[in-house]
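Q:
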Amino acid sequence: MNLHRILRLMKKELIQIRRDRRILAFLFVVPVVQLFLFGYAVSTDVNHVAMAVLDEDRTAESRALIRRFTASGYFDQVAYLSGQREIDALLDAGRAALVLRVPRGFGHALARGRGAEIQTILDGADSRMARVIAGYTNGVLRVYGGEIVQTRAPRARLPAVDGRVRVWYNPELKSVYFMVPGVLCMVLFLITMLMTALAIVREREIGTLEQLVVTPLSAGELMLGKTLPFLLIGLIEIVLTLLTAILIFRVEVAGSIPLLFALSALFLMTSLGLGIFISTISKTQHEATLSSFLCFMPFILLSGFIFPVENMPAAIQGVTYLIPLRYFLEIVRGIFLRGVGMDVLWPQVIALAVFGIAILSLAAARFSKRLG
Amino acid sequence: MTRTRGEAAVTISGLVKTFGRFTAVDQISLTVGRGEIFGFLGANGAGKSTTIRMLCGILAPTAGSGTVAGLDIVRETEQIKTRIGYMSQRFSLYDDLTVTENIEFFGEIYGVYGARLARRTAWILAMANLRERQDSLTGELAMGWKQRLALGCAMVHEPEMLFLDEPTAGVDPASRRRFWELIYAAAEQGVTIFVTTHYMDEAEHCDRLALMHRGRIIALGTPAELKDGYMAGTLLEVRAEPVMAALERLSSLPAVREVALFGSALHAVVGGPDEADDVRAALDAAGIRVERLAPARPSLDDVFVALIEQAERGA
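Which chain is which? The protein sequence lines are A and B, in order.
Each residue of the first sequence is one higher than the one before, counting from 16 in the working numbering.
Each residue of the second sequence is one higher than the one before, counting from 13 in the working numbering.
(1) Assign A/Val-64 to buried or exposed, taking buried as 16 or more other Cβ atoms, counted over all protein chains shown, within 10 Å of its Cβ.
(2) Would B/Arg-220 pass as a contact of B/Thr-234 if the rule is Cβ separation under 7 Å?
(3) Kindly identify the DSSP beta-bridge partner or partners of B/Lys-239.
(4) Report the three-state DSSP secondary structure of A/Phe-264 (helix, strand or coil).
(5) Does the Cβ of A/Gln-49 have 16 or more other Cβ atoms within 10 Å, making it buried, or fewer, making it exposed?
(6) If B/Ala-276 sits next to B/Val-255, beta carbons under 8 Å apart, how far is it from one beta carbon to the other, in whole angstroms?
(7) Is any beta-carbon of chain A found at less than 7 Å from that of B/Thr-79?
(8) Please list, in chain order, the chain B residues whose beta carbon lies closer than 8 Å to that of A/His-63.
(9) Looking at chain A, is there any beta carbon in it that lies within less than 7 Å of the beta carbon of B/Ile-205?
(10) Within this structure, are the beta carbons of A/Ala-280 and A/Ile-293 separated by less than 7 Å?
(11) Is there a Cβ of chain A sitting closer than 7 Å to that of B/Arg-87, yes or no?
(12) For a cutoff of 7 Å on Cβ pairs, would you count A/Val-216 as touching chain B?
(13) Return the CA-CA distance between A/Ala-368 and A/Ala-112, expressed in angstroms with no decimal places.
(14) State the DSSP-derived secondary structure class of A/Val-324, mapped to helix, strand or coil.
(15) Can you list the residues of chain A that B/Leu-109 reaches, using a CB-CB cut of under 8 Å?
(16) Going by DSSP, name the residue or residues bridged to B/Val-183.
(17) Could you check how far apart the C-beta atoms of B/Leu-42 and B/Leu-232 are, in whole angstroms? I think they sit under 8 Å.
(18) Along the alpha helix (DSSP H) that carries A/Lys-27, what are the first and last residues, could you check?
(19) Is A/Arg-143 helix, strand or coil when you go by DSSP?
(20) So, are the CB atoms of B/Glu-178 and B/Thr-133 less than 7 Å apart?
(21) Are the segment 232–252 of chain A and the segment 333–341 of chain A in contact at 8 Å, needing three or more beta carbon pairs?
(22) Taking 7 Å as the CB-CB limit, is B/Arg-160 close to chain A?
(23) Buried or exposed for B/Ile-64, going by 16 or more other Cβ atoms inside 10 Å?
(24) What separation, rounded to the nearest whole angstrom, lies between the Cα atoms of A/Met-16 and A/Leu-22?
(25) Just verifying my parser: in three-state terms, what is the DSSP assignment at B/Leu-105?
(26) For the 8 Å Cβ check, are there 3 or more pairs between the segment 341–358 of chain A and the segment 375–384 of chain A?
(27) Can you list, in chain order, the residues of its chain with a C-beta nearer than 6 Å to that of B/Arg-160? Leave out the 5 residues immediately preceding and following it.
(28) Which bits of chain A does B/Arg-102 rub up against, with CB to CB less than 9 Å?
(29) Hey, does A/Arg-37 have any beta-carbon neighbour from chain B nearer than 7 Å?
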């Protein structure tokens, strides 16, 4: 290993990156755009649920209940219906996600101290959203019911357990807090893997790799010189993502930022290794791009970035243990949201190190073999 | 440069390279002297590039042995790489680096730094006539310039041996001529040149030639030796009207072994000079007007066409 040769190759690589406007745009615009997309557009928060009301009771009690819904902040009353026939058309048109029907006799039953019923009809097309709305609805009704019991029957025995949910780590349950660490992982993974693969394959395509092979540059030096610039760029990407997240999205990092950098560097062994591997199976930059995305999709889908691993079928959950990005995501979310350190994250760190070393050494072996 | 006069720059003995069932290089042996310009000829796929790759230490031979600059091509590949320069047909430079950046990059990769690098850079810029364009992006240069820059980069570390794999493919004739002047200059400095080419006029520039066909060397010698010694039979140059009818008639004559169109003339190979009269008579009888029919010294093209057809018949 000759350090001077490695540094020389890195310098050349950085000059080339600096001169390529498309690559620069890719490196510096993509992370910011992704943050905006996942922070704003793809918000998984459920707010402003369109609610239609069918009040067949028309009493003070029914109006009080409806006010409870609109005052909660989660529901916007978009329609006031005059009959059941209107419900179908409204839901079909997608104008309301929830119909709240208060049947005749609701106020009367309450006044008599008997159990009263209401009907909620949900648009279940988006099952995830319907589940959240059902949760909100139950929450509003539970609070309302509790108060009625207290005002109407002050001496009745109150429930012994008052179950209240208190959310830790992300108290406002804002999805952007949850998304930022994910976007950081995704951007870092995609950019470093794809750029490494492209940088090597481009040299193969234009014939300079053939030229480098006849120089005293060894396979190891060549590989380090080609990948270390992207390690550097990966770390710059983290700075960029963090700055955007902190300055624009007001996300606070609960844990240690140096630890975040150190463990990101550990993860880069995996993504750079995959980049090298892809370069050994691709003849053209086009093939390298396709292969990178073929690798990228299952990694993202199975990492828990968008769909929580806990919600996956058991067999698929087993598969996620083979996805290094899963561990990195857990690490980044842990540091970001929970502020935990190595004492908690060590199992993920070990898993990530094992995958990193395995992937990088396999890729390196294949790379050296293909050069000959 | 430390060199021992008379020692061979390249020796190859029984070199074989197979890829699966395909034999790319089949038992070749040859010796190239120091300071020699050695031409390597043959069609695409004849095994030239594979041979060069084995000599450069980037491809391990299946069998046989060889040395380059006195170093073993199997065991001492790393040392070989520091003492040879290599330039391929694809002008393997970085288009997005400037002329000087390319030179400095390859220089430092070869361990040429500081004052020596500055001296070599100046030398290359002068040699390639690129002083005024030293800060231009390499991609903006015309082919001829790129090619001279590639040669310069291949020589940045003052190698004692240069491997040039079709260095002039796709370059205009004036640039080719200037390129060969540079090759001559390098050879005069004592650099051994191992060059492959498709162009016969370039082959004439070489001190010695090897013709490869299907992985074997089927002819080896100086251009003059090849022209005189390798051709079985006599070459007749025939100028006749109409030329296509003459070509047809000649190819149907049993005395004519081969016939090919060469510019406006025909080249026919016959057993000996005394068969010329029979050929003329046959053409006259067919009503073809013969302007000239005389034995001629074969060109390298003639020799190679004849040798390859001979090899094909033998195979």
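All C-beta atoms in this analysis are idealised placements derived from N, C-alpha and C, irrespective of residue type, glycine included.
It should be emphasised that the depicted structure is a prediction, and the values quoted were computed from it without experimental measurement.
A: Taking the definition as stated:
(1) buried
(2) yes
(3) According to DSSP, B/Lys-239 bridges with nothing at all.
(4) coil
(5) buried
(6) Just to set this straight, residue 276 of chain B is Ser in the shown sequence, not Ala. Right, the Cβ-Cβ distance comes to about 7 Å (below 8 Å), so this counts as a contact.
(7) no
(8) Near A/His-63 there are no residues of chain B at all, since even the closest Cβ is about 51 Å away, more than 8 Å.
(9) no
(10) no
(11) no
(12) no
(13) 46 Å
(14) helix
(15) Lys-27, Ile-30 and Gln-31
(16) Paired residues: none, contrary to the question.
(17) 6 Å
(18) 18–34
(19) helix
(20) no
(21) no
(22) no
(23) buried
(24) 11 Å
(25) coil
(26) no
(27) Ala-140
(28) Ile-221, Gly-222, Thr-223, Glu-225 and Gln-226
(29) no
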